[in-house]
Amino acid sequence: MPLGAIVQRIGLNIGSLNTLHRSVGDLERQLLQTDACKEMLLSPKSASEEQSKNLKVNIDPSYPSPADYYVCPSCIGSPEKIKLASTAYRVRCRCGNELNESVKYKKSSDGKDGVFVKEDMKFMITDDLQVSPVSTLTSFELLKTLGISDASVLEVRNERLDNFIQNFSVSHTRARRLLKHLLFSKTPLTDTFLHEQETEQGLHLDVENTRYLDRDTDENSKKINIKLLLSKSKKKVLYAEAGEEFPDLLFSFLTFPLGAVVKLLGGYGMGCVDNLYKSVKDLSFKDCMKSEECKEKLLSPKIASYFGSKNQLLKIEEQVPLQLELFNCSSCYNCYVTFSGIRPCSHGSKVMQLRTINPKHSHIVHDLGGAFVAGPAMFTVTDELIVKPLSPISGISLINKFSFPISDLEEVVVSVGELEALSLLRTSLISNTVFSDVFCSEKPQQSRKRSSEGSVPPDKRAKTETECV
5 MPLGAIVQRI GLNIGSLNTL HRSVGDLERQ LLQTDACKEM LLSPKSASEE QSKNLKVNID
65 PSYPSPADYY VCPSCIGSPE KIKLASTAYR VRCRCGNELN ESVKYKKSSD GKDGVFVKED
125 MKFMITDDLQ VSPVSTLTSF ELLKTLGISD ASVLEVRNER LDNFIQNFSV SHTRARRLLK
185 HLLFSKTPLT DTFLHEQETE QGLHLDVENT RYLDRDTDEN SKKINIKLLL SKSKKKVLYA
245 EAGEEFPDLL FSFLTFPLGA VVKLLGGYGM GCVDNLYKSV KDLSFKDCMK SEECKEKLLS
305 PKIASYFGSK NQLLKIEEQV PLQLELFNCS SCYNCYVTFS GIRPCSHGSK VMQLRTINPK
365 HSHIVHDLGG AFVAGPAMFT VTDELIVKPL SPISGISLIN KFSFPISDLE EVVVSVGELE
425 ALSLLRTSLI SNTVFSDVFC SEKPQQSRKR SSEGSVPPDK RAKTETECV
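In terms of my numbering, the sequence shown opens at residue 5 and continues consecutively.
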């Protein structure tokens, strides 16, 4: 599930992502490339929604199916062999009308297998979400780890999946609680099934180095320059001034799948979610996964087709558009979308090829990429990631809010590349002072190459203490 969808559908408070998400909702239409861009960022889709529709438990059953496509009702009966479709509502068709007729994606059937794991497999899931195949040895090792030597203190409770599904169907609150505990609790199963209590909201990340993570990057990769206004005495960033590329970079965080974020952070610091991610790796070695494709969807999830941005910098891959067909069946009284070569019914329905278009463009474009934010334009971005169009009044208001004397303020130009973008993403998950934590941290500022301090000239060494950028 993408981060923006977690914020939108489940209502969780995650660092500064909530203020970033609200900023999208507050932006005026002319600041975005198309009408569809706002909804794409507020409620981004997953690249694995075909698999998600086959899961027994839907984490958010009250939300309309996110796998719908939209077609032009005027063109369904036209002679063109290839029809246009979009994952976003009210995109313009080649005929000038809107793609506003919803068509459902037909669920596929994979027999008795699970969605991601093989059939007839049984698993043991610990309270901190370590998943392993059931075995007596594994059970004994778990009891030893928990310090339990007397089995008589244990109680067995059977939680029937069908009852659990029913509870999910009638209790959206419980569904939200499960996901919240997965992200915020160190004992998510206990808190969900036994205590049924709220947890303190906030990701438990290892914050020893929120500035730059140790990661090999391409030094020739794209850079985005921003201007920071900061307090010299408080070592605090008031806000940043930047062109449209920088807010587009920040907004792209909302489209990132949670699994991709775990992978970017190296599998460290996200608590139980890390355990779940590492369990998938272990299960793949134990031949438990249904296919290599299923493993990759979990370990290296991609951004949904057309939800990527050319300014995201972190090189998360974007899903290649699927080859789709539209079935218009009079016997079923409905239209269905499915993969090419898979018939959703046996009535000999009319088959039409579909070609999806990029909703971020005002004209017909089939290529991936593009941007959400329109330009040229200038924006202010506060320390808690509130994004607004730049104006003299907005800057003065922020200065007055903190009551800093003008003589204490300093402008600094910062170049944001892949490492800085990764640090901004990581810090946005846990902090409401993102720029101050990233650019005014007491940690070394330029840990961009693995080299000993003695091999670096004194004037090139990383700044330390509390010196900003």
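For glycine and all other residues, C-beta sits at the position ideal for the given N, C-alpha and C.
Reference residue i, options the options, closest by Cα
i, options, result
"residue 444", "59, 127, 414", "414"
"residue 42", "27, 472, 410", "27"
"residue 323", "295, 330, 362", "362"
"residue 107", "96, 88, 74", "74"
"residue 374", "36, 88, 12, 17", "36"
"residue 138", "147, 127, 245, 144", "127"
"residue 4", "85, 306, 314", "Because the chain is modelled from 5 through 473, residue 4 falls outside the range shown and cannot be assessed."
"residue 385", "242, 229, 104, 310", "242"
"residue 246", "258, 228, 145, 236", "228"
"residue 425", "364, 401, 252, 359", "252"
"residue 238", "427, 121, 411", "411"
"residue 270", "282, 261, 260", "282"
"residue 25", "419, 318, 7", "7"
"residue 84", "49, 97, 18, 313", "97"
"residue 356", "327, 365, 367, 378", "327"
"residue 86", "95, 396, 76, 285", "76"
"residue 58", "189, 34, 109, 184", "109"
"residue 311", "148, 33, 360", "360"
"residue 393", "51, 148, 30", "30"
"residue 367", "94, 33, 22", "94"
"residue 129", "51, 72, 279, 358", "279"
"residue 267", "302, 289, 288, 141", "302"
"residue 103", "194, 432, 288, 80", "80"
"residue 379", "21, 250, 92", "250"
"residue 389", "428, 289, 421", "428"
"residue 290", "23, 125, 17, 99", "125"
Cβ pair residue i, residue j closer than 7 Å
i, j, result
"residue 371", "residue 437", "no"
"residue 226", "residue 417", "no"
"residue 472", "residue 234", "yes"
"residue 435", "residue 19", "yes"
"residue 121", "residue 292", "yes"
"residue 119", "residue 55", "yes"
"residue 101", "residue 78", "yes"
"residue 44", "residue 262", "no"
"residue 264", "residue 320", "yes"
Coarse secondary structure for residue i, derived from DSSP in three states
i, result
"residue 194", "helix"
"residue 16", "coil"
"residue 315", "coil"
"residue 424", "helix"
"residue 265", "helix"
"residue 130", "coil"
"residue 247", "strand"
"residue 175", "Summary for residue 175: the model assigns pLDDT 48, below 50, so the residue's position carries little reliability; its value from the coordinates is reported in the next sentence. Coil."
"residue 323", "coil"
"residue 301", "helix"
"residue 42", "helix"
"residue 285", "helix"
"residue 212", "With a pLDDT of 48 at residue 212, under the threshold of 50, the modelled position of this residue cannot be trusted; read the value that follows with caution. Three-state result, residue 212: coil."
"residue 87", "strand"
"residue 67", "A caution first: residue 67 carries a pLDDT of 49, below 50, which makes its placement in the model unreliable, though a value can still be read off. Here residue 67 sits in coil by DSSP."
"residue 136", "strand"
"residue 410", "helix"
"residue 36", "strand"
"residue 56", "helix"
"residue 398", "helix"
"residue 50", "strand"
"residue 459", "Here residue 459 scores only 36 on pLDDT, less than 50, and its place in the model should not be relied on; the value that follows carries that caveat. Residue 459: helix per DSSP, three-state reduction."
"residue 377", "strand"
"residue 279", "helix"
Residues sharing a beta bridge with residue i, DSSP
i, result
"residue 240", "235"
"residue 404", "Residue 404 pairs with nothing; no bridge assigned."
"residue 230", "418"
"residue 293", "121"
"residue 383", "246, 393"
"residue 96", "102"
"residue 360", "89"
"residue 10", "The partner list for residue 10 (beta bridge, DSSP) is empty, contrary to what the question assumes."
"residue 28", "None; residue 28 has no bridge partner."
"residue 74", "90, 106"
"residue 307", "50, 322"
Check: residue i C-beta below 6 Å from any heavy atom of the ligand MG
i, result
"residue 389", "Among the ligands in the structure shown, none appear at all, so the ligand MG cannot be discussed."
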